[in-house]
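**Student:** Order-wise, the sequence lines are chains B and U. Residues 1397 to 1586 in my numbering are what the first sequence spells out, letter by letter. Residues 8 to 180 in my numbering are what the second sequence spells out, letter by letter. Don't be surprised by glycine CBs; every beta carbon is placed ideally from N, CA and C. Everything numeric in this text was worked out from a predicted model, so none of it was measured.
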Amino acid sequence: MTPDTTDPAARPRVTLARLAALMLRIGATGFGLGMVGMLQQEVVTRRSWLTQQDFADGIALANLLPGPTAFDVAVYVGHRLRGWWGATVSLLALLAPSFLIMIGLSMTYLRYGEAPKLHGLFAGINAAVAALVLSVAYRIGIASVKGARQAALLVVAFGALLLHANLVALVLACGVAGALWLTPRPDGSS
Amino acid sequence: MTNLVRLFLVFAKIGALVFGGGIAMIPFIQREVVQHYGWLTERQFVDAIALGQITPGPIMISATFIGYKVAGLAGAAVATLGIFLPSFLMTAVAAGQMVRLRGNPRVAGFIRGVLPAVVAMLVVAAASIAKPIIGDWRLALLSLAALALLVRLRVDAVYVVIGAGLAGLLMFR
């Protein structure tokens, strides 16, 4: 059980405006998982809005739930500080900068993206994106495919994909298999 | 069903299934947006991922590009809201239930089961994304170099994507 940081008397009340300002800044300057580190530094180290334990709980939660880790952590921070209003402010402020930048990039891309002069640019990017996706598969695989049962699931998943299985069904079936056969033992080992 | 409603539902479904980080959206996007609905070509899909990577914020912001391409500004807003809403709702609801949720072995087991499937899906997606570059030894080499930078040297993906784009420009002048 975490120390009770929800006790309003024990914690300074963070205004929604300050929360929004922080999330806007992180959304405008952070990339991917790097935002988790930025959030931790600002929310725990510099401003003491949450304890380290409370923040770590947020990361653990993000790993259990769908969605990008940094986004989930930001929503968690907002909710811990100011409930649903805080969570909503985190959602909107974190995404607003990237949303606007992406609109600008989309307009530019749709106008000039198919220009023959830029063929090389996008061919190079294609090479990098293939490598990026494979590197993430590698990272998740190393970190989370452990033991014979998970290896078996990996093989089954590959087989199902070769047969063009429905992806939603595949993910849910593997999840249910995990909930039945991959539950952690009470002593904490796997 | 109007395009906007369909956009929202497709992206909300994907948003509810992205386990293991934002990149895990890619197999779903490819299956739904490219192969099923034909909203993007394979090339635009790869470029959408790259745009999401070089834009600050979560990579799932690629959804904004796809929505914009399909239905303009309203489409961008609907697709973005759709893909982020499920994790927003689940995280906010769970924030108060943290202790119970983390201690639940079924939840932990579910994720342990899902991640191998995510790995398989990403490998298959990477192979499909790599198709256009395999025929060209320079691009294949560039891809291997990018992989080495990402995995061995842990270079930030933003720089790898931008660097590879510039290298491509120089190769094909």
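Helix, strand or coil: which one does DSSP assign to residue 1399 (chain B)?
**Tutor:** With a pLDDT of 47 at residue 1399 (chain B), under the threshold of 50, the predicted position of this residue should be treated as unreliable, and no value is reported.
**Student:** Measure the Cβ-Cβ separation of residue 1436 (chain B) and residue 123 (chain U) and say whether it is below 8 Å.
**Tutor:** no
**Student:** With 8 Å as the threshold, decide whether the Cβ of residue 1444 (chain B) is near any Cβ in chain U.
**Tutor:** Residue-level contact by beta carbon fails for residue 1444 (chain B) and chain U, as no gap is shorter than 8 Å.
**Student:** Rounding to the nearest angstrom, what Cα-Cα distance links residue 11 (chain U) and residue 1465 (chain B) in this structure?
**Tutor:** 27 Å
**Student:** I need the straight-line Cα distance from residue 81 (chain U) to residue 15 (chain U), nearest angstrom please.
**Tutor:** 11 Å
**Student:** Please list, in chain order, the residues of the stretch 116-139 of chain U that have any C-beta partner in chain B closer than 7 Å.
**Tutor:** 116, 117, 118, 119, 120, 121, 122, 123, 124, 125, 126, 127, 128, 129, 130, 131, 132, 133, 136, 137 and 139
**Student:** With residue 39 (chain U) as the anchor, note down where its alpha helix (DSSP H) starts and where it stops.
**Tutor:** Residue 39 (chain U) -> no alpha helix (DSSP H), and no H or E assigned at all.
**Student:** Helix, strand or coil for residue 95 (chain U)? Go by DSSP, reduced to three states.
**Tutor:** helix
**Student:** Pop quiz: residue 1508 (chain B) and residue 1514 (chain B) are said to be a contact at Cβ under 8 Å. What is the actual Cβ separation, rounded to whole angstroms?
**Tutor:** Yes, residue 1508 (chain B) and residue 1514 (chain B) are in contact; Cβ-Cβ is about 7 Å, under 8 Å.
**Student:** Can you check whether the C-beta of residue 108 (chain U) is within less than 8 Å of a C-beta belonging to chain B?
**Tutor:** Yes, its Cβ sits closer than 8 Å to a Cβ of chain B.
**Student:** Among the candidates U:41, U:173 and U:75, whose CA atom is the shortest distance from the CA of residue 1499 (chain B)?
**Tutor:** U:75
**Student:** Starting from the Cα of residue 1506 (chain B), find the closest Cα among U:13, U:43, U:52 and U:174 and give me that residue.
**Tutor:** U:52
**Student:** Find the residues of chain U that neighbour residue 1546 (chain B), judging by a C-beta separation of less than 7 Å, and give them in chain order.
**Tutor:** 119 and 123
**Student:** Is the Cβ of residue 45 (chain U) closer than 8 Å to any Cβ of chain B?
**Tutor:** no
**Student:** Grouping DSSP H, G and I as helix and E and B as strand, with all else coil, what is residue 1451 (chain B)?
**Tutor:** helix
**Student:** For residue 17 (chain U), decide whether its Cβ has a neighbour in chain B, counting only Cβ atoms nearer than 8 Å.
**Tutor:** no
**Student:** What residues match up with residue 52 (chain U) in a beta bridge as DSSP calls it?
**Tutor:** In the DSSP output, where bridge partners are listed per residue, residue 52 (chain U) has none listed.
**Student:** How about the stretch 15-30 of chain U and the stretch 86-99 of chain U: do they share at least three Cβ pairs that are nearer than 8 Å?
**Tutor:** yes
**Student:** Measure the alpha-carbon distance for residue 1537 (chain B) versus residue 37 (chain U) and round it to whole angstroms.
**Tutor:** Their Cα atoms are separated by approximately 21 Å.
**Student:** Give me the Cβ distance between residue 146 (chain U) and residue 1523 (chain B), rounded to the nearest whole Å; I'm assuming they're in contact under 8 Å.
**Tutor:** 5 Å
**Student:** Check each candidate in B:1510, B:1525 and B:1579 and name the one with the smallest Cα separation from residue 1543 (chain B).
**Tutor:** B:1579
**Student:** What would DSSP say about residue 72 (chain U), mapped onto helix, strand or coil?
**Tutor:** helix
**Student:** Can you name the start and end residues of the alpha helix (DSSP H) that residue 1475 (chain B) belongs to?
**Tutor:** 1465-1508
**Student:** To the nearest whole angstrom, what separates the beta carbons of residue 163 (chain U) and residue 1467 (chain B), a pair I think is in contact under 8 Å?
**Tutor:** About 18 Å separates the two Cβ atoms, so there is no contact after all.
**Student:** Closest to residue 110 (chain U) by CA distance: which of B:1581, B:1555, B:1416 and B:1471 is it?
**Tutor:** B:1581
**Student:** Could you list which residues in chain U have their beta carbon closer than 8 Å to that of residue 1433 (chain B), in chain order?
**Tutor:** None at all; the shortest Cβ gap to chain U is about 12 Å.
**Student:** For residue 40 (chain U) and chain B, any beta-carbon pair shorter than 8 Å?
**Tutor:** no
**Student:** Quick check: the Cα distance between residue 41 (chain U) and residue 1555 (chain B), rounded to an integer number of angstroms?
**Tutor:** 22 Å
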